[in-house]
Every structure is written in structure tokens, then in C-alpha cells.
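Data first, discussion second: the structure below is written as C-alpha cells.
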Amino acid sequence: MKKTPSAEYIEKAKLLDEEAAERLLSRARSKLVRRLDDRKLTPLDVMALQLEIEDEDLNEWRERVAEIHQAEVKKKSKSK
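In C-alpha cells form, the structure reads like this:
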């Protein structure tokens, strides 16, 4: 896990309204929350890191879905 968020994600976190920020913080991983509690990170940093983690997870999921879809297409074309 990265220790500092990128500037891009800090800007995205700044744009969140209060409700969205609260929801994002509630989804934050326990390691990030501990660092927030220990005052090693600001709430903005935690939100930015969580946004970055969620974007990475989403991209990995999309890649896996694309691979599954390609495998299904190959399987269908071979069976014809």
C-alpha cells in the first residue's frame, strides 16, 4: 500500500461532498483508518488513498471480466 496519495486523487477527494466523503471514509481499509487515528494521515489523504485503491480494484475487475468474455467467445466459436 502506498504511503502517500497522488495529487490526482487528492484533487478528486477535495471535490467530494460531505456525504460522499463520509461514505468513502466508511469503506476505508482498516490499515488506513489506523493511520488516520494515529494522526499519520489526514482524512483527505485517507480518502485519496481509498479512491486510488478502489480505482485499481475496479480496473483489475474489468480486466478479469474482459478475459472471461474473450474465453467465452473463443469457446462458442470452437463449438460451432
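Numbering (this note's numbering), first residue to last: 339 to 418.
Ideal Cβ placement from N, Cα and C applies to all residues, glycine included.
Have a look at Leu379 and Lys416 and give me their C-alpha separation to the nearest angstrom.
-> Taking the straight line from one Cα to the other gives about 53 Å.
Shortest alpha-carbon distance to Leu362 belongs to which of Thr342, Lys341, Glu346 and Ile391?
-> If we check each option's Cα against that of Leu362, Ile391 comes out closest.
Span of the alpha helix (DSSP H) holding Pro381?
-> Run containing Pro381: Pro381 to Ser417, per the alpha helix (DSSP H) assignment.
Neighbourhood of Ala351 by C-beta, 7 Å cutoff - its chain only, sequence neighbours within 5 removed = Taking Ala351 as the centre and dropping the five residues before and after it, the same chain places the C-beta of Leu382, Met385, Ala386 and Leu389 closer than 7 Å to its C-beta, in chain order.
Spatial neighbours of Lys340 in its chain, beta-carbon cut-off 8 Å, leaving aside the 5 residues before and after = Spatial neighbours of Lys340 in its own chain (CB-CB distance under 8 Å, excluding positions within 5 residues in sequence) are listed in chain order as Leu387 and Glu390.
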